[in-house]
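A.B. asks:
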Amino acid sequence: MATEIKYDAVISDIDGVVYKEDVPIWENIEGLKLLQSRGVEISFLTNNASTDKEELTKRLTGIGINIDESKITTSGEAAAYYIEKNYGKAKVYVIGERGLIKELRKRGIEIVSDDEIADFVVIGLDRSVNYEKLSNAVKKIMEGAKIIVTNMDRLWPSSKGFKIGAGALAKAITYSTGKEPEVVVGKPEKWILNLAINKLRKRNYVLIIGDQLETDIALGVRNGLDTLLVLTGISNVEDASKSIYKPKYINRNILEFLGSGARI
Ligand SMILES: [Mg+2]
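The numbers in this note's numbering rise by one with no breaks, and the one at position 103 of the sequence shown is 100.
1. How would you label VAL20, buried or exposed, when you count the other beta carbons within 10 angstroms and need 16 or more for buried?
2. For ligand 1, any of its heavy atoms closer than 7 Å to the Cβ of ASP19?
3. Looking at LEU190: is its Cβ nearer than 8 Å to the Cβ of ASN233?
4. For the region 125 to 134 against the region 71 to 87, do three or more pairs of beta-carbon atoms, one drawn from each stretch, fall closer than 8 Å, so that the two count as touching?
5. Taking the alpha helix (DSSP H) that ASP236 falls in, what are its first and last residues?
6. Just to confirm, is the Cβ distance from GLY93 to VAL118 under 8 Å?
7. Could you compute how far the alpha carbon of TYR79 sits from the alpha carbon of VAL182?
8. Can you tell me where the alpha helix (DSSP H) with SER34 in it begins and where it stops?
9. May I ask which residues mark the beginning and end of the alpha helix (DSSP H) holding THR147?
10. Does the region 39 to 46 touch the region 57 to 74, meaning 3 or more C-beta pairs lie closer than 8 Å?
11. Can you list the alpha helix (DSSP H) stretches of 4 or more residues lying completely in the region 106 to 139, in chain order?
12. Output the boundary residues of the beta strand (DSSP E) element that contains ILE189.
13. Let me know the secondary structure DSSP gives MET(-2) once reduced to three states.
14. How would you call ILE170, buried or exposed, if buried means at least 16 neighbouring beta carbons within 10 angstroms?
15. Would you please state the rounded distance, in angstroms, between the beta carbons of VAL76 and ILE145? I believe it to be under 8 Å.
16. Report the three-state DSSP secondary structure of ASN44 (helix, strand or coil).
17. For VAL227 and ASN25, which I take to be in contact (beta-carbon distance under 8 Å), what is that distance rounded to the nearest angstrom?
18. When you measure from the CB of GLY207 to every non-hydrogen atom of ligand 3, does any distance come out below 7 Å?
19. Given 7 Å as the limit, tell me if ASP10 has its C-beta closer than that to any heavy atom belonging to ligand 1.
20. With distance defined between alpha-carbon atoms, name the residue in GLU52, GLY36 and PRO154 nearest to LYS264.
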């Protein structure tokens, strides 16, 4: 059995690790709680901007994970932070859900309607997007708005199987306009990692946990952090064997990882 604590903090993904859509993944939730009970600082970093941090905190506490809002980082928050830091006030047209809009408004960013001019089009996962809305975004970009993308995820794991991610929506828009995003703020980009790391009390030995090679594992590998791939979401063992991003550990779930003799 594993006894030695090696890592002092964990940055965990949410979709595909804690939840499949709304269905809790208990083997990982229990694993995270066990880590907390051993004194490991738990934090979350998600590319999913559709739920705001306040709501996420409620959901996570509701399934027994003791977490403060200040330990959660979302790509929605990162997009808002990016705009505020680099441009101050701005007018934004959003392809995205309530959580993204809320994070943008929190930083004083104005959300514009279909008929108004925008400085930016911010693209996140939008499960009720339609042809008109995508066309409106394209029009605004043609008129000069810059593109900001919360994440380039191809897929996300719903309770009924894979569904298309924010990256696929972004691709539709960049293909139509011929314009590339000014920035993609989500994983595996370094600066969203910095946003998450700066929220940790202890950051000497950080373990990244996630279900996707091209986001979670790439984030860790590119930045010299250890990674655990759990097989509860998108990527499988075969994907890992083909990927240029090799996780340090691969386990079916976090509980298995903790029981596998890993030094944590
Ligand atoms: Mg995930």
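Think of the CB as a built atom: it goes at the ideal place given N, C-alpha and C, for glycine as much as any other residue.
C.D. replies: If we stick to the structure as given:
1. Within the sequence shown, numbered from 1, the residue matching residue 20 stands at position 23. With fewer than 16 Cβ atoms within 10 Å of its Cβ, VAL20 is classed as exposed.
2. By one-based count along the sequence shown, residue 19 stands at place 22. Not under cutoff, so the answer is no.
3. Sequence index remark: in the sequence shown, residue 190 carries index 193 (1-based). Sequence index remark: in the sequence shown, residue 233 carries index 236 (1-based). Not closer than 8 Å, so no.
4. no
5. As a working mapping, residue 236 is identified with position 239 in the sequence shown. Start and end: 234 to 239.
6. On the sequence shown, residue 93 is found 96 positions in, with the first residue counted as 1. On the sequence shown, residue 118 is found 121 positions in, with the first residue counted as 1. Cβ distance not < 8 Å, so GLY93 and VAL118 don't count as in contact.
7. Indexing the sequence shown from 1 puts residue 79 at position 82. Indexing the sequence shown from 1 puts residue 182 at position 185. Going by the C-alpha atoms only, they are around 8 Å apart.
8. In the sequence shown, counting from the first residue as 1, residue 34 sits at position 37. Counting along the chain, the alpha helix (DSSP H) containing SER34 begins and ends at 23 to 34.
9. Counted from its first residue, the sequence shown places residue 147 at position 150. Here THR147 belongs to no alpha helix (DSSP H), and DSSP marks it neither H nor E.
10. yes
11. 128 to 139
12. Numbered from its first residue, the sequence shown carries residue 189 at position 192. Here ILE189 belongs to no beta strand (DSSP E); instead the alpha helix (DSSP H) covers 187 to 194.
13. Counting from one through the sequence shown, the residue named residue -2 turns up at place 1. In this prediction, MET(-2) scores a pLDDT of 48, lower than 50, which makes its location untrustworthy; the coordinate-derived value is nonetheless stated afterwards. Reduced to three states, the DSSP call for MET(-2) is coil.
14. Within the sequence shown, numbered from 1, the residue matching residue 170 stands at position 173. When all chains shown are included, ILE170 counts as buried.
15. On the sequence shown, residue 76 is found 79 positions in, with the first residue counted as 1. On the sequence shown, residue 145 is found 148 positions in, with the first residue counted as 1. First, the amino acid is wrong: residue 76 is Ala here, not Val. For a cut-off of 8 Å, the C-beta gap from ALA76 to ILE145 is around 6 Å, short enough to register as a contact.
16. The residue you call residue 44 lines up with position 47 of the sequence shown. The answer is coil: DSSP assigns ASN44 none of H, G, I, E or B.
17. For the purposes of this step, residue 227 is taken as residue 230 along the sequence shown, with counting starting at 1. For the purposes of this step, residue 25 is taken as residue 28 along the sequence shown, with counting starting at 1. So it is a contact: roughly 6 Å between Cβ atoms.
18. Among the ligands present in this structure, namely ligand 1, ligand 3 is not found.
19. Within the sequence shown, residue 10 is the residue found at index 13, counting from 1. Yes, ligand 1 has a heavy atom inside 7 Å of this Cβ.
20. Missing from the structure shown is residue 264; the chain here goes from -2 to 261 and no further.
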